[in-house]
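One structure is given below, encoded as structure tokens.
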Amino acid sequence: MKFTIEKKLSGKLGRAGKIETPHGTINTPAFIVVGTKATVKALTPDQVKDLGAQAVLANTYHLYLEPGEKIVKAGGGLHKIMNWSGPTFTDSGGFQAFSLGAAFGTTISKLSKPQSNGFEEREKMSESVRSEGMPPLAKITEDGVMFKSYRDGGEHFFSPEKSIEIQNSIGADIIFAFDECTSPTADKQYQKEAMERTHRWAARSLARHKELQIESLKSPNAKPIALFGVVQGGRFEDLRKESAHTIGSMDFDGFGIGGSFDKQDIGTAVSWVNEELPEGKPRHLLGIGEPEDFFLAIENGCDTFDCVAPTRQARNGTLYTKAGKIHIDNTKYREFFAPIEADCTCYTCRNYTLAYVAYLARTKELLAHTLTSIHNLHFIVHLVESIRQSILSDTFEEFKKSFLEGYTKVD
RNA sequence: GCGCCGGUCGAAUAGCGGCUAUUUCAGGAGACUGUAAAUCUCCCGCCUUCGGGCAUCGUUGGUUCGAGUCCAACCCGGCGCA
310 MKFTIEKKLS GKLGRAGKIE TPHGTINTPA FIVVGTKATV KALTPDQVKD LGAQAVLANT
370 YHLYLEPGEK IVKAGGGLHK IMNWSGPTFT DSGGFQAFSL GAAFGTTISK LSKPQSNGFE
430 EREKMSESVR SEGMPPLAKI TEDGVMFKSY RDGGEHFFSP EKSIEIQNSI GADIIFAFDE
490 CTSPTADKQY QKEAMERTHR WAARSLARHK ELQIESLKSP NAKPIALFGV VQGGRFEDLR
550 KESAHTIGSM DFDGFGIGGS FDKQDIGTAV SWVNEELPEG KPRHLLGIGE PEDFFLAIEN
610 GCDTFDCVAP TRQARNGTLY TKAGKIHIDN TKYREFFAPI EADCTCYTCR NYTLAYVAYL
670 ARTKELLAHT LTSIHNLHFI VHLVESIRQS ILSDTFEEFK KSFLEGYTKV D
């Protein structure tokens, strides 16, 4: 993997560049489409490519459970089995330490939202109380994470070495060190402990990866796999800087920025990290984000992103437009005989009316998921691409201002 | 006309003497940030200062401390016999 910076955003940390992988180049900043189980839900790889996506990100834990990394490898690797010829990433399973652990059976999100007063804060917390009969499915120890399968209840242990071994078998171009994604509800003491543990896991991940690569690259057709280390530290400036310094000084090919954030503070938090990380290596902001997040993260030095929001929200009936998000089930769209957005060039908007797509969604026709996912991914992929172009043409500030003024998030 | 069933919030249902009338669907709104997710939450008779208040199980009476539930008559629907 090779990273090149083409242009920097003057006076800021942001940059446009390219990541060259054995399966092609990613022009950055870029949105990486999430295909957790080696499939972008509801879409064929051709559809994913046609809507403008450059790369996809799959998940180690999910592919380990099913079909199993041995089968992925025997089938020719991630690219081959899913018929995606472009660059790929795998996440390490570290996010599942959170989603199946502290967050399981609750309404806890890794992004904490601003609360207007303490009363609402308490209400929110009470809503977050774990549902009955839903004990956590992930338990963290120094050596790794014990997962209880959400499929059959079976126990599976992930150590940093195990995650790296599985990821090497799956064979994505870019993989991540095994980390612990913490909950925003955890206190600073815990965030510090988890961060330090993630640092130890990073060193172990790196060591195991080097061993495996030396071995694997002896075979003539082997393609090198890049390893990104993951920065943690929650919403605390001193922890984030410490983590970025520690992870940034290790011999990784690039970096992931993970964990929980205060939603309104995301640009600042990312700048703490990216000021510390070496400039010449790519930085991937894990699990972000919404349209407004990209501007803040990119101007503060992030190069790539992945997020389930566009596809999940598409399936759940929320669509992106330049004026904000809309709910496709709203009564007012039943007779909206025009595209979701008049000037959108996606396949869905070129061929269907919102009224028709809304009808498909309302009647739970499967095509609804495909058409809405195409629109949302096209919107997000092209938004990030537009930000890239604005950096290259020195119009970032104007583009940011005009987009955010129009994007009110109100119907 | 006689007999037997049955009428519960848009639909379908549960409840068969006990306080707050159940559930599913339909309908309305919202949430979702490295996917446990084609998922979840709330509303769905009227009023409300969001604490609650007042109604309501075909109609009208009755029995009872208490009735959707038991009794009577009537109205409607289905089936059977004439």
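Numbering-wise, the first sequence is residues 310 to 720 according to the working numbering.
All C-beta atoms, glycine included, are put in the ideal place defined by N, C-alpha and C.
Note that the structure is predicted; figures quoted are calculated from it, not measured.
Which residue marks the beginning of the alpha helix (DSSP H) containing residue i, and which one marks its end?
i: residue 553; result: 546-557
i: residue 605; result: 600-608
i: residue 403; result: 403-406
i: residue 332; result: From DSSP, residue 332 is part of no alpha helix (DSSP H); its letter is neither H nor E.
i: residue 576; result: 575-585
i: residue 352; result: Here residue 352 belongs to no alpha helix (DSSP H), and DSSP marks it neither H nor E.
i: residue 387; result: 387-391
Pull up the DSSP beta-bridge partners for residue i, would you.
i: residue 465; result: 456
i: residue 339; result: 613
i: residue 368; result: 400
i: residue 620; result: Bridge partners of residue 620: none, in fact.
i: residue 311; result: 329
i: residue 628; result: 635
i: residue 566; result: 540, 594
i: residue 324; result: 317
i: residue 420; result: 570
Use the C-beta contact count for residue i: other C-beta atoms within 10 angstroms, 16 or more gives buried, fewer gives exposed.
i: residue 323; result: buried
i: residue 705; result: buried
i: residue 606; result: buried
i: residue 418; result: exposed
i: residue 533; result: exposed
i: residue 429; result: With a pLDDT of 42 at residue 429, under the threshold of 50, the modelled position of this residue cannot be trusted, and the question is left open.
i: residue 513; result: buried
i: residue 441; result: exposed
i: residue 482; result: buried
i: residue 558; result: exposed
i: residue 425; result: Below a pLDDT of 50, predicted positions are generally treated as unreliable, and residue 425, at 44, falls in that range; the measurement from the model is reported next regardless. Exposed.
i: residue 586; result: buried
i: residue 472; result: buried
i: residue 431; result: The predicted model places residue 431 with a pLDDT of 43, which falls under 50 and marks its position as unreliable; any figure quoted below should be read in that light. When all chains shown are included, residue 431 counts as exposed.
i: residue 444; result: exposed
i: residue 667; result: buried
i: residue 517; result: buried
i: residue 488; result: buried
i: residue 435; result: Because residue 435 carries a pLDDT of 47, less than 50, the predicted location of this residue cannot be relied on, and the following value inherits that uncertainty. Exposed is the call here.
i: residue 384; result: exposed
i: residue 711; result: exposed
i: residue 544; result: buried
i: residue 438; result: exposed
i: residue 363; result: buried
i: residue 530; result: exposed
i: residue 609; result: buried
i: residue 689; result: buried
i: residue 562; result: buried
i: residue 682; result: buried
i: residue 320; result: exposed
i: residue 484; result: buried
With residue i as the anchor, note down where its beta strand (DSSP E) starts and where it stops.
i: residue 539; result: 535-540
i: residue 378; result: Counting along the chain, residue 378 falls outside any beta strand (DSSP E), though it belongs to the alpha helix (DSSP H) covering 378-383.
i: residue 592; result: 592-594
i: residue 447; result: 447-449
i: residue 318; result: Note, residue 318: premise wrong, no beta strand (DSSP E); not H, not E.
i: residue 634; result: 633-636
i: residue 485; result: 483-485
(message) Extract the residue ranges of the alpha helix (DSSP H) inside the stretch 659-711, only unbroken runs of 4 or more that lie entirely within it.
(response) With a minimum length of 4 residues, the continuous alpha helix (DSSP H) runs that stay inside the stretch 659-711 are 663-671, 676-701.
(request) Give a yes or no on contact between the stretch 662-670 and the stretch 620-638, applying the rule of three or more CB pairs nearer than 8 angstroms. (result) Yes: the two stretches touch, three or more of their Cβ pairs being nearer than 8 angstroms.
(request) Flag this pair as touching only if the stretch 365-372 and the stretch 336-344 have three or more C-beta atom pairs under 8 angstroms; answer yes or no. (result) Taking 8 angstroms as the limit for Cβ pairs, the verdict is that the stretch 336-344 does touch the stretch 365-372.
(request) Examine the Cβ distances between the stretch 350-358 and the stretch 310-329 and report whether three or more of them are shorter than 8 angstroms. (result) Result no; under three Cβ-Cβ pairs closer than 8 angstroms.
(request) Say whether the stretch 559-579 touches the stretch 484-493, bearing in mind that this needs 3 or more beta-carbon pairs closer than 8 angstroms, one atom from each stretch. (result) Because the criterion of three Cβ pairs below 8 angstroms is met, the stretch 559-579 and the stretch 484-493 touch.
(message) For the pair the stretch 396-403 and the stretch 374-383, tell me if three or more CB-CB distances fall below 8 angstroms.
(response) In short, these stretches do not touch, since the Cβ pair count stays below three.
(request) Entirely within the stretch 496-526 and at least 4 residues each: give me those alpha helix (DSSP H) ranges in chain order. (result) Secondary structure within the stretch 496-526: the alpha helix (DSSP H) runs of 4 or more consecutive residues, fully enclosed, are 497-525 (chain order).
(request) Spell out a yes or no on whether the stretch 590-602 and the stretch 516-534 are touching, meaning 3 or more CB-CB pairs, one atom from each, closer than 8 angstroms. (result) Taking a contact to require three or more Cβ pairs closer than 8 angstroms, the stretch 590-602 and the stretch 516-534 do not qualify as touching.
(message) Under 8 angstroms: do the stretch 640-648 and the stretch 610-619 share three or more Cβ pairs, one atom per stretch?
(response) Touching, no.
(request) Determine, using beta-carbon pairs with one atom in the stretch 621-629 and one in the stretch 694-701, whether at least three such pairs fall under 8 angstroms. (result) No, the stretch 621-629 is not in contact with the stretch 694-701.
(request) Would you check if there are 3 or more beta carbon pairs closer than 8 angstroms linking the stretch 504-518 to the stretch 547-558? (result) Between the stretch 504-518 and the stretch 547-558, the count of C-beta pairs closer than 8 angstroms reaches three or more; the two stretches touch.
(message) Three Cβ pairs or more, each shorter than 8 angstroms: is that satisfied between the stretch 533-547 and the stretch 578-598?
(response) Flag = yes, the stretch 533-547 and the stretch 578-598 touch.
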